[in-house]
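Notes follow the structure.
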Amino acid sequence: MSYLTLENVDKYFDRGGQRSEVLKDISLDIAEGEVISIIGHSGCGKSTLLNLIAGLTEVSSGGIQLEGHEINGPGPERAVVFQNHSLLPWLTVYENVNLAVSKVFGKTKSKGERHDWIMHNLDLVQMSHARDKRPTEISGGMKQRVGIARALAMQPKILLLDEPFGALDALTRAHLQDAVMGIQKRLGSTMIMITHDVDEAVLLSDRIVMMTNGPSARIGEILPVPLERPRDRIALAGDRTYLQCREAVLKFLYERHRFVEAA
Amino acid sequence: MPANVQRLPTAALPETSVPAAVVSLPKRPRRTRSWGKTAAQIASNVVPPLVVFALLLVVWQILCSSPGASLPSPSQVWSDAGELIVSPFFDYGQGDIGLGLRVLTSLQRVAIGFGIAAVVGVAIGAVIGQSVWAMRGLDPIFQILRTVPPLAWLPLSLAAFMDSAPSAIFVIFITSVWPVIINTAVGVRNIPQDYRNVAEILQLNPAEFFFKIMIPAAAPYIFTGLKIGVGLSWLAIVAAEMLTGGVGIGFFIWDAWNSSRLSDIIVALAYIGLVGFMLDRLVSAIGAFVTRGTAAN
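Chains as they are written, first to last, in the working numbering: chain H, 16 to 278; chain C, 1292 to 1588.
Here is the structure:
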């Protein structure tokens, strides 16, 4: 039985009598504990798809179900890690996570328990040392760590990551990818991650969903990544399966569905 | 050359035995230097306006010292109204009180009127900023109403309240509320979509969204509005008090004019200017304190 189901999802925007179709007939089943990457050229509606699952945007037709319940709005059980971290700059690191924790667990956990839970999640991303800093005082990678801690602290059923490492430099990105893999292994979280980085998709995910170019983007292909976990980026660099998966994604993106510039 | 190099380590050896002295040395000159620096900085900010002020006094003295001058010279002001300058808080009874006390009464009215304007302005501004239709419907009306001069409201408010005290407060309110509304609305409209998404995912209710996202995110805009508003309300109170009477600084000027005490008027003007300046700086300082962090992003 699948955990998250997308059934014939269409998404179009009506603007000034003109209908622009973004996503067409998206169907996808995701199992609990699975890590899915969605990859495609820019403008293919990856982020729209994630927003649909998050409930930030409404589907035009079709349906999305999480554990058999129809999604019709945003909620903390589908936490989002935003590309630009979206921390509130007037709150400290601790207060940012606390905003989520006190909202989600305000009634079920005591004050002490909530504090422990906040610190536990900051520990998970190794950010407890900066608990009293404001977002402007920490680096981009650290902000994204806090963003992940805030999302994890909501104890979501599914974690949605919208190009979480897109704005980071390559070294920081590798660190954070390892951190996310570690957390995923520890918590067994279900994750959907938008990315445009082929290596990131192959390294992190169980299946890679490849999108065709928009408008009316659809799922072009779904590639399973049969690599054992835990995965080590250095060991995998010369691994045959890894390279085959990588090649498959590259071929899809640059041979069959080349990005037409200024389309 | 090589001889010099060899000598150096031997000379350095005895010094390493007293490391405490080495540490304390660089601190001292730094401190005196920073003291000197801050003193120089203060001086560079204070001296030029003082010089200009002194020059203006001299020019004023020269212009008004001829026997037929219509306005009093600075020395004349000092001899006529020196007591008003020196002791702002005297109270001789029967309404004969110092200018400091008069200013405080005026400030009290401003505090009430502007306080209501701040609360109402932020609330209305938040609603308008949230709703496109409210913005379209109300913005043109506000843009027209905000250009109405403060005193033009006075007859209407006197008719409505039948009393001068609430009328003066209403005039303050109606003068200062517009910039607060308009700036708050702009601030709320400019809240980044990311913050709204965070609020939606956390399912914050409207009250939580208002206090935890909207107010802090729009705070820089709100304080711009409040700063304009407090300036306008200080303008309005003086004018309103001239007409409504009572104990305020505005009425004092009117009263002094009626009894031809020009020197008193000049002193009162200085008071009004200084207090207005302080009000402006006070709101700016509160704004800078409250919005630290927000404006940086």
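Every residue, glycine too, gets a C-beta built ideally from N, C-alpha and C. The structure presented is a predicted model; accordingly, all values stated were derived computationally and were not measured.
Buried is the label assigned to Ile79 of chain H, since at least 16 other Cβ atoms lie within 10 Å of its Cβ. Checking the DSSP bridge columns, you'll see His84 of chain H partnered with H:Leu81. Inside the segment 1384 to 1433 of chain C, DSSP marks whole alpha helix (DSSP H) runs of 4 or more residues at positions 1390 to 1421, from first to last along the chain.
A Cβ-Cβ separation of about 17 Å leaves Gly1428 of chain C out of contact with Val1468 of chain C under the 8 Å criterion. Here the segment 175 to 188 of chain H does not lie against the segment 131 to 138 of chain H, with fewer than 3 beta-carbon pairs under 8 Å apart.
Interface annotation for the segment 74 to 97 of chain H against chain C: Gly88, Pro89, Gly90, Pro91, Arg93, Ala94, Val95, Phe97, criterion Cβ-Cβ distance under 9 Å. For the segment 107 to 128 of chain H, residues whose beta-carbon sits nearer than 8 Å to a beta-carbon of chain C comprise Leu114, Ala115, Lys118, Val119. Between Pro1483 of chain C and Val1462 of chain C, the gap from beta carbon to beta carbon reaches 9 Å or more. Leu1526 of chain C is a Cβ neighbour of Thr1466 of chain C, given a cutoff of 9 Å.
In the DSSP assignment, Leu175 of chain H forms a beta bridge with H:Val95, H:Ile207.
Between Gly1404 of chain C and Ala1459 of chain C, the CB-CB gap stays under 9 Å. Straight-line spacing of the CA atoms in Met206 of chain H and Gly58 of chain H works out to 22 Å. When DSSP reads this structure, Ile53 of chain H sits in a beta bridge with H:Ile209, H:Val224.
Using a Cβ distance threshold of 9 Å, Val195 of chain H and Val161 of chain H do not count as a contacting pair.
Taking CB atoms only, Ala145 of chain H has no neighbour in chain C less than 9 Å away. In the structure shown, the three-state DSSP call for Ile1376 of chain C is helix.
Pro150 of chain H sits buried, since 16 or more C-beta atoms from the chains shown fall within 10 Å of its C-beta. Across the segment 1470 to 1493 of chain C, CB contacts with chain H closer than 7 Å involve Asp1485, Tyr1486, Asn1488, Val1489, Glu1491, Ile1492, Leu1493, in sequence order along the chain. Leu1354 of chain C counts as exposed, since fewer than 16 other C-beta atoms from the protein chains shown sit within 10 angstroms of its C-beta.
Not flagged as an interface residue toward chain C: Ala164 of chain H, since no C-beta distance is shorter than 9 Å.
Counting along the chain, the unbroken alpha helix (DSSP H) around Tyr1512 of chain C starts and ends at 1506 to 1535. Within the same chain, Cβ atoms closer than 6 Å to the Cβ of Pro1379 of chain C are found at Gly1389, Leu1390, Gly1391, the five residues on either side in sequence being excluded.
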